[in-house]
Ligand code: FPP
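Numbering (our numbering), first residue to last: -4 to 250.
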């Protein structure tokens, strides 16, 4: 493995996104290409989280949200769903202590309801144990759906008795599973598709989008750095006109 720091190897990374979201797609096709069962792809995909988390930490990304299991994934064959649930339990058991020692704050985004009680407990324990860690936040979207998240937030807002006029973008953001986290700056999708698939649909309103054909188990630190190089080239305007560079006049254009 190349030991040279990533920022030296990739000098074109001039801006590092604070929060990166990843749709980890392509595990099944990765396995199929090797004549392996789909679950072997999910296992390789799970192992890959560690590699990408390490690279994200080195690059000074502060929040990494990974789409591990969507509300729609319950519709997969029962043995695949069971396999993904087992993987979550295994990975929490195996990795939490090490993540904690390395300053990783684990968060969960999604509905706990619907997940087996023993897994709910494991998730909550890992979240509580690591809640004070500040080096990087690993936000695991599990049993997550963006629309369900908005419904849950609105229900919660109403139960808390907020007046309709008090409902603002900031209030809704605060009530989402991701409350307190900044919006993602960059959404990466592996596996070659160009869809959000109900991932962070509120939060990603102004995120840059990056898609790669690489299957998730093969998405390594070089791929992440390449995504950040592309991000560095993007001109983020948030609906406004481009900011003038030094010595340039502002471009005035209609909406
Ligand atoms: C998509 O691959 C991947 C998922 C269903 C979610 C990603 C899951 C993991 C990385 C493993 C589980 C993670 C944890 C934390 C337990 P796909 O099956 O849709 O691939 P395909 O499009 O090639 O079929």
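Note that CB positions come from ideal geometry on N, CA and C, so glycine has one too. Treat the numbers as computed from the prediction; the structure is a model and nothing was measured.
By DSSP, does residue i sit in helix, in strand, or in coil?
i           : result
residue 168 : helix
residue 18  : strand
residue 27  : helix
residue 119 : helix
residue 113 : helix
residue 13  : coil
residue 221 : helix
residue 126 : coil
residue 212 : helix
residue -1  : coil
residue 73  : helix
residue 7   : coil
What does DSSP give as the partner residue(s) for residue i in the beta ladder?
i           : result
residue 134 : 60, 102
residue 206 : 184
residue 139 : 65
Thinking just about the alpha-carbon of each residue, which of the options is nearest to the one in residue i?
i           : options            : result
residue 42  : 74, 90, 78         : 90
residue 209 : 14, -3, 28         : 28
residue 86  : 118, 229, 33, -3   : 118
residue 13  : 162, 177, 171, 192 : 177
residue 64  : 47, 181, 78        : 78
residue 144 : 160, 171, -3       : 171
residue 227 : -3, 0, 7           : 7
residue 139 : 32, 18, 88         : 18
residue 61  : 47, 70, 124        : 47
residue 23  : 236, 223, 211      : 211
Cα separation between residue i and residue j?
i           : j           : result
residue 205 : residue 5   : 17 Å
residue 234 : residue 200 : 11 Å
residue 115 : residue 213 : 29 Å
residue 38  : residue 221 : 24 Å
residue 122 : residue 92  : 12 Å
residue 202 : residue 49  : 22 Å
residue 135 : residue 225 : 24 Å
residue 253 : residue 103 : Look at the range of the chain in this structure, -4 to 250, and you will see that residue 253 is not part of it.
CB of residue i to nearest heavy atom of ligand 2: below 7 Å?
i           : result
residue 108 : The model depicted lacks ligand 2 and carries ligand 1 instead.
Please report whether the beta-carbon of residue i lies at a distance below 8 Å from any beta-carbon of chain C.
i           : result
residue 166 : In the structure shown, chain C cannot be found, because there is only a single protein chain.
Self-check item: Environment of ligand 1 in chain order, Cβ to heavy atom below 5 Å
Solution: 19, 20, 21, 22, 23, 24, 37, 40, 41, 63, 82, 83
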